[in-house]
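One structure is given here, and the rest of the page talks about it.
Numbering (this note's numbering), first residue to last: 4 to 761.
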């Protein structure tokens, strides 16, 4: 019995001890294996197959987190995933099946495709689930009212717009055009860009949207002279756009494209048989393209939250048995996927610690889809997450991170890293490496043709030459005026009406003075009025005086009835005044109806380029009236009638041989000279319409020459007569001797019976 009892006791003791040890072991296992279930949305196949390298990085992260004792102590992450195929319908169907058939997932990881995340993130918050994406860049997902529980580690494409604006400011580009594929994803990027530049000095030349063939839209860009172009589209459509740009000639050193961040490193070389351009042609178009790229690897090889450096991560990732070179092109996403698990684990750890500190009885393992309390704690910790991982530094701002953005440029057919952009608090910093940039001829392309305006001025040599000649002409006029005053009692000079000659000289003085007032470089409309007045008065006074003198001779020697009558100088003055007043009335009406103003006239035919696409457009400031043509022709007609009638009178009195009395020969010669010079001046003014400087020289030259010839022809014979002491009686006798008998009778009686009063 004793033995039996002892054995029985021993057996019972062993059983009890075993049960106790089993219970303790199970209890410890339970404590150490509190399960936190993550569900991954991974595109293992479909339009974008980055899910495979992402899964490898996630498995690495899960293993590393579970091995740590300072984070999520007493918890273990269990990761499950579905293949979304980058299709929102498939993703929603599989997600619903997972949520309804298994234990709750505390957090969703993914998706890498924005269209999937847009679909799932609209629903997951209804199950109180936080969704953390490693690769969705759609700007739509930034809407916190529609996607309140959505976070992502990658910078969305609309947050690349500040980088593009910073680039434009860096190179002083203020004109830009946009072209995007007709999808909400890309339209929202462009809309965000437009909003950001509303209150800036940047101007949008054109906004183009296309669905299938972008050729017409690209042609519009060329027609608008777009130089800086922002594109938002998938890379297959980008190849269509660039191929169309090649075909219509929208490429070269003057054109700068900016494309999204997610294009592959050699996107312009792939699948070209579908687009109709060769690789060499595409290389010409892509040269100089800027791409803003999310920095998915920490540029500094330091230990972050996972206590590994970037190089250590790369080594472990590439040497893993799960690594496949078939998906090597998507390896760029691996650091983000790795850090996504660490961010999720950190947020869960923070939420767990906050609940413990607050004395709440709930913990992470109590999470259910119906209870939003735990999810609120997770969201609060997610919003305040600040960490450094293998992908770099991350600070969330309303669901989106502020991260380093790399600026790439395609140069010599290769992508080159030419700068960095970072946002620190509310400060934007852009760092461009000027030594890495390669511009044609070392010149930064302009956003449009730089138009500068250059005023055409009369060369100093020409202007001062003309004014010097005009001054000489005025001196000559004053000399003749002095001669007229000194010798006015000389019988020869007296018979030629010296007072009327003084009027003629005054007109010549005004004509010369017209040259002093330039036709261009006008700064005051008063100059315009003075020039018109001087020329009109000068011409009318000069030829009005010659006309009146010729009219008097005509009246005397065509007096067939031999009546005695008197023609005083006052009558000749009246004729001149009548002509002058007619011109004054025309000028006054012109000023009242359409006054002369200063007009800036651009000389399109003289536009030229001055280096680096800088266009110089010459212009002149001239006098302009809306009715100048009508009133100008009115003056031409009046002066033309004056010249014609004067020529007629000179012709009618051509047989009068008394030179002291008759200036008809000289007046005829003057009229001939003026008509010829006027015709030449008018013809050249029509031919040289846009050659304002030459036109000034021609008109001034004709004016000076015509006025000078008129004075010389009229006064040189008088000076010679005074010098040779020829009297008026000698002239009359000589004249009568040269006439026929009938003419002598008529002429002598007319002269004797007519009083020439001064």
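Even for Gly, the Cβ is constructed at its ideal location relative to N, Cα and C.
- Residue 142 counts as buried, since no fewer than 16 other beta carbons sit within 10 angstroms of its beta carbon.
- By the criterion of at least three beta-carbon pairs nearer than 8 Å, the stretch 240–258 is not in contact with the stretch 379–398.
- For residue 218, the uninterrupted alpha helix (DSSP H) segment begins and ends at 218–226.
- Contact holds between the stretch 148–160 and the stretch 401–413, because three or more Cβ pairs, one in each stretch, are under 8 Å apart.
- In this chain, the beta strand (DSSP E) harbouring residue 183 covers 178–184.
- Residue 329 is not bridged by DSSP to any residue.
- Residue 100 is classed as exposed because its beta carbon has fewer than 16 other beta carbons within 10 Å across all chains shown.
- At the C-beta level, residue 291 and residue 256 come within 8 Å of one another.
- For residue 389, the enclosing beta strand (DSSP E) has its first and last residue at 389–392.
- In this structure, the CA atom of residue 458 is about 36 Å from the CA atom of residue 233.
- Assignment of residue 260 by DSSP, reduced to helix, strand and coil, places it in the strand class.
- When Cβ pairs closer than 8 Å are counted between the two stretches, the stretch 63–70 is seen to touch the stretch 307–322, the count reaching three or more.
- If you check the CB distance, residue 115 and residue 53 come in under 8 Å.
- Under the three-state reduction of DSSP output, residue 417 falls in the strand class.
- When secondary structure is reduced to three states using DSSP, residue 37 falls in the strand class.
- An exposed status is given to residue 303, since fewer than 16 other beta-carbon atoms sit within 10 Å of its beta-carbon.
- Along the length of the stretch 338–395, whole beta strand (DSSP E) runs at least 3 residues long occupy 389–392, reported in chain order.
- Fully contained in the stretch 596–651 is no alpha helix (DSSP H) run of length 4 or more.
- As computed with DSSP, residue 235 is found in a beta bridge with 183.
- Three or more Cβ pairs closer than 8 Å define a contact, and the stretch 616–631 meets that threshold against the stretch 446–466.
- Assignment of residue 210 by DSSP, reduced to helix, strand and coil, places it in the strand class.
- Taking residue 102 as reference, the option from 41, 78, 135 with the minimal CA-CA separation is 41.
- Membership of residue 527 in any alpha helix (DSSP H) is not indicated, and neither H nor E is assigned to it by DSSP.
- Comparing alpha carbon positions, the residue from 299, 321, 343 closest to residue 309 is 343.
- One thing to note: residue 170 has its Cβ within 8 Å of the Cβ of residue 410.
- In the three-state DSSP reduction, residue 107 falls in the coil class, being neither helix nor strand.
- Residue 386 and residue 370 do not touch by the CB rule: their CB atoms are close to 18 Å apart, not below 8 Å.
- The stretch 593–611 and the stretch 530–545 touch, with three or more beta-carbon pairs separated by less than 8 Å.
- Rounded to the nearest whole angstrom, the CA to CA distance from residue 473 to residue 723 is 25 Å.
- Counting along the chain, the unbroken beta strand (DSSP E) around residue 135 starts and ends at 133–136.
- Shown here, residue 439 sits in coil according to DSSP, grouped into three states, outside any helix or strand.
- Taking the Cβ atoms as the reference, residue 520 lies roughly 5 Å from residue 530, within the contact range of under 8 Å.
- In the structure shown, residue 407 falls within a coil segment according to DSSP collapsed to helix, strand and coil.
- Using a 10 angstroms sphere on the CB of residue 136, the tally of other CB atoms reaches 16 or more, which defines it as buried.
- Following the DSSP letters along the chain, one finds residue 487 inside the alpha helix (DSSP H) bounded by residues 463–489.
- Around the CB of residue 261, 16 or more other CB atoms lie within 10 Å, so the residue is classed as buried.
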